[in-house]
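Q: The structure is given below, and queries will be raised subsequently.
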Amino acid sequence: MELIYSAMETMLPFSWVEFTFMKNAFLAVLLITPLFGLVGTMIVNNKMSFFSDALGHCALTGIALGVALKINNPSISMIVFSVIFALGISAIMQSETSSSDTVIGVFSSAGIALGVFILSFSGGFSRYSSYLVGDILSITKNEILMLALILILVTIIWVISFNKLLLSGLNTDMALSKQVNVKFYKNIFAVLISVIVTVSLKWVGMLMINSLLVLPAASAKNIVTNMRMYHIMSVIFSLFSGISGLILSYYIGTSAGSTIVLVSALIFFATFFINRCRNIS
Amino acid sequence: MKECQCSVKIKDLRVKKGSHIILNHITLTANHGETLALIGKNGAGKTTLLKSILHSVDFYGKIDFFNSSGKRIRNPKIGYVPQRLSFDRDSPITVMDLFCANSSNIPVWFGHSKKRKEHALNMLEKVGVHKHIDSPIGRLSGGELQRVLLAFALEPRPDILLLDEPVSAVDRKGISKFYSIINSMRKDYHMPVILVSHDLGHVVKYANSYALINHTVIETGNASNLLKSKKVRETFGIDVNEGEEVWN
Chain S
8 MELIYSAMET
18 MLPFSWVEFT
28 FMKNAFLAVL
38 LITPLFGLVG
48 TMIVNNKMSF
58 FSDALGHCAL
68 TGIALGVALK
78 INNPSISMIV
88 FSVIFALGIS
98 AIMQSETSSS
108 DTVIGVFSSA
118 GIALGVFILS
128 FSGGFSRYSS
138 YLVGDILSIT
148 KNEILMLALI
158 LILVTIIWVI
168 SFNKLLLSGL
178 NTDMALSKQV
188 NVKFYKNIFA
198 VLISVIVTVS
208 LKWVGMLMIN
218 SLLVLPAASA
228 KNIVTNMRMY
238 HIMSVIFSLF
248 SGISGLILSY
258 YIGTSAGSTI
268 VLVSALIFFA
278 TFFINRCRNI
288 S
Chain U
84 MKECQCSVKI
94 KDLRVKKGSH
104 IILNHITLTA
114 NHGETLALIG
124 KNGAGKTTLL
134 KSILHSVDFY
144 GKIDFFNSSG
154 KRIRNPKIGY
164 VPQRLSFDRD
174 SPITVMDLFC
184 ANSSNIPVWF
194 GHSKKRKEHA
204 LNMLEKVGVH
214 KHIDSPIGRL
224 SGGELQRVLL
234 AFALEPRPDI
244 LLLDEPVSAV
254 DRKGISKFYS
264 IINSMRKDYH
274 MPVILVSHDL
284 GHVVKYANSY
294 ALINHTVIET
304 GNASNLLKSK
314 KVRETFGIDV
324 NEGEEVWN
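Here the protein sequences line up with chains S and U, keeping their order. Going by the working numbering, the first sequence opens with residue 8, and the numbers climb by one from there. Going by the working numbering, the second sequence opens with residue 84, and the numbers climb by one from there.
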């Protein structure tokens, strides 16, 4: 890590690099945002932005359970609980007993309610408010290493499963006819999103995490005509808004998470108008 | 290759959703080289029958597949053309992406190899939509998209082809083109085709046999005799006046 720090200090001649918390935050952004851009394309393509939102809300309950039960390694327990919730939503949605819209609505609010309920049990919820709005500046060296490890693992599984996820999202029956185990891949999708959201929640914040998943891909979709450019642009937009949002927040003195999301939103509106102008002309 | 050997044998198939019985005691066979049309009113369970063959719904009973030499196939390759794809029309998935998503494990956004592209072009040429290989699927017309889906269903060569009202979003000219491709594929590959259609005219013109379904098999017969069947006429409310059919 020291090597990376000194490399950053040489390569980035800015005043914010002097602070270790900014260097850590910068590294975290470099890790999280490309993956958010990558995964977001599937969420936007399959019209599942509310599904990922509900997974984010349930991750709060997962984290709360991890904190409350004081299990040795809180990160692992958070992930385990969130994954269980994700599989639960996925199973209920696939059973088609209620409309997916309703299932998402129920889990979305119940997830937050249960999370806040457990975290506030001993009367000290304010300690955990960073889970709601995020605090990327609080990230530590060890947490970055853990984040890197988990995100690399998620990326590998995502890349391997991508084509099957794409077919499953297009049409379940058509994917089944191509011998794709649709149920399995829908669960993989839910689990991966939930893992990404859980490990990033503390630094991005539950209220904004879904914007980071959806906005870069939605912006990219406005201006591309093939999957390759879709993914490249989504990752670029995500990375750009992450880095510029973090640096802007340092100079303006605002919350990093909200600044990053605002930059993403500005990119979305810019691409939206570019697309409109192109369609008119 | 022997003619008219059984390809799919459905035996005593039953499908329930809660306490509602959707299909009951369905026993049917589809033969190699033949198009079997499933007809019936809306909600009669035709699509559920196709979904059972795809193992997309839970069912009781048996569905067995056989190859043209009569040997049982454990994991049959099924070609399926859905009624419509309900996807985001602005999605940047191209026709080539669709083909590569199935034929390769390398994510489609990594790019496509020349060999795969040539192969996909070959398949698309058979259905006459090769010039759209790089078009996003959302920009294709109803007929073009169905033909792309047909080419997609035929890759790799399936043991059976299932068509669920494949031309409901296709214009009149596109319909005859679509069915003539199906007919030539069926003859070339000696492939069994199961077609769900609500249009009796198409069934008479393009299918070999029919099965009238209303939660169970009401009647089976030769497609050319379809309009003479009393049960079919009753189901569809057809009045036959001096050979002229009037659909209600």
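The beta-carbon is built from N, C-alpha and C at its ideal position, and this holds for glycine as well. Just so we're clear, the structure is a prediction, and the values are computed from it rather than from any experiment.
1) Along the chain, where does the beta strand (DSSP E) containing U/S292 start, and where does it finish?
2) Using a Cβ cut-off of 7 Å, which residues of the segment 164-177 of chain U contact any Cβ in chain S, in chain order?
3) How far does the beta strand (DSSP E) with U/H103 in it extend, from its first residue to its last?
4) Would you say S/F191 lies against chain U (beta-carbon separation less than 9 Å)?
5) Output, in chain order, the set of chain U residues within a Cβ distance shorter than 7 Å of S/D180.
6) Residue ranges of each alpha helix (DSSP H) run of no fewer than 4 residues wholly in the segment 140-212 of chain U, ordered along the chain?
7) Quick one: what does DSSP say S/N53 is sitting in, helix, strand or coil?
8) Report the residue ranges of all alpha helix (DSSP H) runs contained in full by the segment 87-145 of chain S; include only those spanning at least 4 residues, in chain order.
9) Quick one: any contact between the segment 202-219 of chain S and the segment 264-278 of chain S, if contact means 3 or more CB pairs under 8 Å?
10) For S/Q186, count the other beta carbons within 10 Å of its own beta carbon; 16 or more makes it buried, fewer makes it exposed. Which is it?
11) Residue ranges of each alpha helix (DSSP H) run of no fewer than 4 residues wholly in the segment 238-304 of chain U, ordered along the chain?
12) Would U/D247 be called buried (16 or more neighbouring beta carbons within 10 Å of its own) or exposed?
13) DSSP has S/A35 in a bridge; who is on the other side?
14) In whole angstroms, what is the alpha-carbon distance linking U/D95 and S/I86?
15) Just the Cα atoms here: how many angstroms apart are U/A236 and S/V161?
16) Do S/S59 and S/I70 have their C-beta atoms within less than 9 Å of each other?
17) Leaving out five residues on either side along the sequence, give the residues of the same chain with a beta carbon under 7 Å from the beta carbon of U/K200.
18) Would S/V231 pass as an interface residue toward chain U - the criterion being a Cβ-Cβ separation below 9 Å?
19) List, in order along the chain, the chain S residues whose C-beta lies closer than 7 Å to that of U/N305?
20) Just to confirm, are U/T118 and U/P275 a CB contact at a threshold of 9 Å?
21) Within a Cβ cutoff of 6 Å, which residues of the same chain sit near S/I195, ignoring the five residues on either side of it in sequence?
22) Output, in chain order, the set of chain S residues within a Cβ distance shorter than 7 Å of U/A184.
23) Run through DSSP, which three-state label would S/A75 get?
24) Should S/I228 be labelled buried (16 or more other beta-carbon atoms within 10 Å of its own) or exposed?
25) Just to confirm my understanding: we take S/A182, look at its own chain, exclude 5 residues before and 5 after, and list those with CB closer than 6 Å. What are they?
26) Taking buried to mean at least 16 other C-beta atoms within 10 Å of its own C-beta, is S/G130 buried or exposed?
27) Quick one: any contact between the segment 272-286 of chain U and the segment 239-253 of chain U, if contact means 3 or more CB pairs under 8 Å?
28) Going along chain S, which residues have a C-beta under 7 Å from U/P190?
29) Following the continuous alpha helix (DSSP H) through S/A225, name the residue where it begins and the one where it ends.
30) Tell me which residue opens and which closes the alpha helix (DSSP H) that U/L121 is part of.
31) Starting from the C-beta of U/H195, find all residues in its chain whose C-beta is less than 7 Å away, skip the five residues before and the five after it, and write them out in chain order.
32) Contact criterion: CB-CB distance below 9 Å. Does S/Q186 meet it with respect to chain U?
33) Which runs of the alpha helix (DSSP H) fall wholly inside the segment 166-214 of chain S and span at least 4 residues, in chain order?
34) Out of S/F244, S/G118, S/M236, point me to the one whose CA is closest to S/L62's CA.
35) Report yes if the CB atom of S/T48 is closer than 9 Å to the CB atom of S/Y237, and no otherwise.
A: This is what the structure gives:
1) That run of the beta strand (DSSP E) goes 292-296.
2) Within the segment 164-177 of chain U, the residues whose Cβ lies closer than 7 Å to some Cβ of chain S are P165, L168, F170, D171, D173, S174, P175, I176, T177, listed in chain order.
3) For U/H103, the enclosing beta strand (DSSP E) begins and ends at 103-114.
4) Not closer than 9 Å to any Cβ of chain U, the Cβ of S/F191 fails to qualify, so no.
5) Close to S/D180, with beta-carbon spacing below 7 Å, are these residues of chain U in chain order: K134, L137, S139, Y163, P165.
6) Taking only runs of at least 4 residues, the alpha helix (DSSP H) segments lying wholly in the segment 140-212 of chain U are 178-186, 197-209.
7) In this structure, S/N53 counts as coil in the three-state DSSP scheme.
8) Segments of the alpha helix (DSSP H) lying fully in the segment 87-145 of chain S: 107-126, 137-140.
9) Verdict: yes, contact present.
10) Answer is exposed; the Cβ neighbour count stays below 16.
11) Entirely contained in the segment 238-304 of chain U, the alpha helix (DSSP H) runs reaching 4 residues are, in chain order, 255-272, 283-289.
12) The residue in question, U/D247, is buried, as its Cβ has 16 or more Cβ neighbours within 10 Å.
13) S/A35 is not bridged by DSSP to any residue.
14) Within the model, the alpha-carbon separation for U/D95 versus S/I86 is close to 45 Å.
15) So the alpha carbons of these two residues sit roughly 31 Å apart.
16) No; because the gap between Cβ atoms is not below 9 Å, this pair is not in contact.
17) Closer than 7 Å at the Cβ level, and outside the excluded window around U/K200, lie M179.
18) By this cut-off, S/V231 is an interface position.
19) Correct list: empty, because the minimum Cβ distance to chain S is about 28 Å.
20) Yes; because the gap between Cβ atoms is below 9 Å, this pair is in contact.
21) Same-chain partners within the cutoff: S168.
22) Those are N170, L173, L174, listed as they occur along chain S.
23) S/A75: helix per DSSP, three-state reduction.
24) A small fix is needed here, since residue 228 of chain S is Lys in this sequence, not Ile. When all chains shown are included, S/K228 counts as buried.
25) These residues qualify, in order along the chain: L174, S175, V189.
26) Within 10 angstroms of the beta-carbon of S/G130 lie fewer than 16 other beta-carbons, which makes it exposed.
27) Output reads yes: the segment 239-253 of chain U touches the segment 272-286 of chain U.
28) Those are V166, F169, N170, listed as they occur along chain S.
29) The continuous alpha helix (DSSP H) containing S/A225 extends over residues 213-230.
30) Looking at the DSSP string, U/L121 is not in any alpha helix (DSSP H); the run it does join, the beta strand (DSSP E), is 118-122.
31) Result list for U/H195: M179, C183, in chain order.
32) With 9 Å as the cut-off, S/Q186 counts as an interface residue toward chain U.
33) Secondary structure within the segment 166-214 of chain S: the alpha helix (DSSP H) runs of 4 or more consecutive residues, fully enclosed, are 179-184, 189-211 (chain order).
34) Across the set S/F244, S/G118, S/M236, the C-alpha of S/G118 shows the shortest separation from the C-alpha of S/L62.
35) Judged by their CB atoms, S/T48 and S/Y237 are nearer to each other than the 9 Å cut-off.
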